[in-house]
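> Structure incoming, see below.
There are 2 protein chains.
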Amino acid sequence: MGNPKLSRLEMQIMEALWNCGSASIREIQESFPEKKRPAYTTIQTTVYRLEAKKAVRRVKKVGNFHVFEAAVSRDIAQRKLIDDLLALFGGRTQPVMAHLIESGKVTLADIKEAEKTLRHLEREEK
Amino acid sequence: MGNPKLSRLEMQIMEALWNCGSASIREIQESFPEKKRPAYTTIQTTVYRLEAKKAVRRVKKVGNFHVFEAAVSRDIAQRKLIDDLLALFGGRTQPVMAHLIESGKVTLADIKEAEKTLRHLEREEK
DNA sequence: GCAATGCTACTACATATGTAGTAGTAATAC
DNA sequence: GTATTACTACTACATATGTAGTAGCATTGC
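Residue numbers (numbering that gives the first Met the number 0), protein chains in the order written: chain G, 0 to 125; chain E, 0 to 125.
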């Protein structure tokens, strides 16, 4: 029932749908960089699986092809991934933060931004 | 032949080894809370797989049982998980940070701490 | 020494995921 | 209206992971 955990390929497909609003299998496939573009049927199979998980739905049929759209938001999907990662860390965010910083991929600006967001949240909750 | 990505159960087993230094299958199994303790052979199978991945190794045999120890550090293993998550986000940390904050699991203190760490790093790199 | 117990090594199986082939039907191009 | 092309629906298969059973050898307790 809840939000399904999406895999790498599934997320890439969802990304195409979140960006385009809606798309056909072919359009999704062509959204992949030519060099690492899976076969048409690979995308198709994965879209069908996403459909089974209720993460995408068919919106209409145009000509002989179907058009799909995301049925879960990017936020929800991303949140699920992060919650699952956190679970692997026993729910502790500290090591996650530490590694993000250590990886050199978080800038001071990101932190500042985060801090601002956090202050806003705190104010709203009071 | 980089560091393998470890799964949920694998991480739980590694956690036991990182905590105890070294342990037998039975000891690892008993480190699980009674209510969600997998069968002995489930732990065994998973330890064997970790061995195949070179994430653990046998250190000795005591009586008729083997004693295992971690062959990769907690840091390395955690780092791998985070790098893989980041890859799902196209390498952008911003959404990860945003979700961590939104989840309410990161406190302002965590951010302050992170900021301090980051400032230190920047200084060192100059 | 022999029976009980415990551990190992191996096998088995279900689900998830990445990957893609094939058969057949539907749209299209003339 | 027929040949080509494109898409769908289905099948197949390998690897990863969680899960656990079984057969048999090693230890141990007497």
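All C-beta atoms, glycine included, are put in the ideal place defined by N, C-alpha and C.
Pick out whichever of Glu112(E), Leu84(E), Glu123(E) has its Cα sitting closest to the Cα of Ser6(E).
Leu84(E)
> State the Cα-Cα distance for the pair Val94(G) and Thr92(E), rounded to the nearest angstrom.
Checking the sequence, you will find Pro at residue 94(G) rather than Val. The alpha-carbon atoms of Pro94(G) and Thr92(E) are separated by roughly 15 Å.
> Is Ala38(G) helix, strand or coil by DSSP?
coil
> For Ser102(G) versus Ile12(E), is the C-beta spacing smaller than 8 Å?
Contact annotation: Ser102(G) and Ile12(E) have beta-carbon atoms that are not nearer than 8 Å.
> Using the C-alpha atoms, what's the distance from Thr116(E) back to Ile100(G)?
8 Å
> For Ala54(G), return the contacting residues in chain E, with the cut-off set at a CB-CB distance below 8 Å.
Under the 8 Å cutoff, chain E gives no residues; its nearest Cβ is about 14 Å from Ala54(G).
> Mind listing which residues of the stretch 108-119 of chain G have their C-beta closer than 9 Å to chain E's C-betas, in chain order?
Asp109, Ile110, Lys111, Glu112, Ala113, Glu114, Thr116, Leu117, Arg118
> Mapping the DSSP letters down to three states, classify Lys4(G) as helix, strand or coil.
coil
> Please classify Glu179(E) as buried or exposed, where buried requires at least 16 neighbouring CB atoms within 10 angstroms.
Residue 179(E) is absent from the structure shown; chain E starts at 0 and stops at 125.
> If you scan the stretch 41-103 of chain E from start to end, which runs of the alpha helix (DSSP H) of 4 or more residues do you find wholly inside it?
73-87, 93-101
> Flag this pair as touching only if the stretch 71-79 of chain E and the stretch 56-63 of chain E have three or more C-beta atom pairs under 8 Å; answer yes or no.
No, the stretch 71-79 of chain E does not touch the stretch 56-63 of chain E.
> What does DSSP give as the partner residues of Ala22(G) in its beta bridges?
Phe67(G)
> With DSSP collapsed to three states, give me the class of Thr106(G).
Coil, per DSSP.
> Would you mind telling me which residues of chain E sit closer than 7 Å to Arg7(G), beta carbon to beta carbon, in chain order?
Leu87
> Count the other C-beta atoms from every protein chain shown that fall within 10 angstroms of the C-beta of Leu49(E), then say buried if there are 16 or more, exposed otherwise.
buried
> Can you confirm whether Val46(E), when its beta carbon is compared against all beta carbons of chain G, has any partner nearer than 8 Å?
Cβ-Cβ to chain G under 8 Å: no for Val46(E).
> Does Arg122(G) have its Cβ less than 8 Å from a Cβ in chain E?
no
> Given a cut-off of 8 Å, decide if Phe67(E) and Ala22(E) are closer than it, judged by their beta-carbon atoms.
yes
> Mind pulling the chain G residues with CB within less than 8 Å of Ile100(E)?
By Cβ distance, chain G contributes Ala113, Thr116, Leu117, Leu120.
> What's the gap between the Cα of Val55(E) and the Cα of Gly89(G)?
21 Å
> Given 7 Å as the limit, tell me if Ile100(G) has its C-beta closer than that to any heavy atom belonging to the ligand PLP.
By its list of ligands, the structure shown contains no ligand whatsoever, and the ligand PLP lies outside what it can speak to.
> Would you mind sorting Asp74(G) into buried or exposed? The rule is 16 or more other CB atoms within 10 Å of its CB.
exposed
> Answer with yes or no whether the minimum CB distance from Arg36(E) to chain G is below 8 Å.
It does not; no Cβ of chain G falls within 8 Å.
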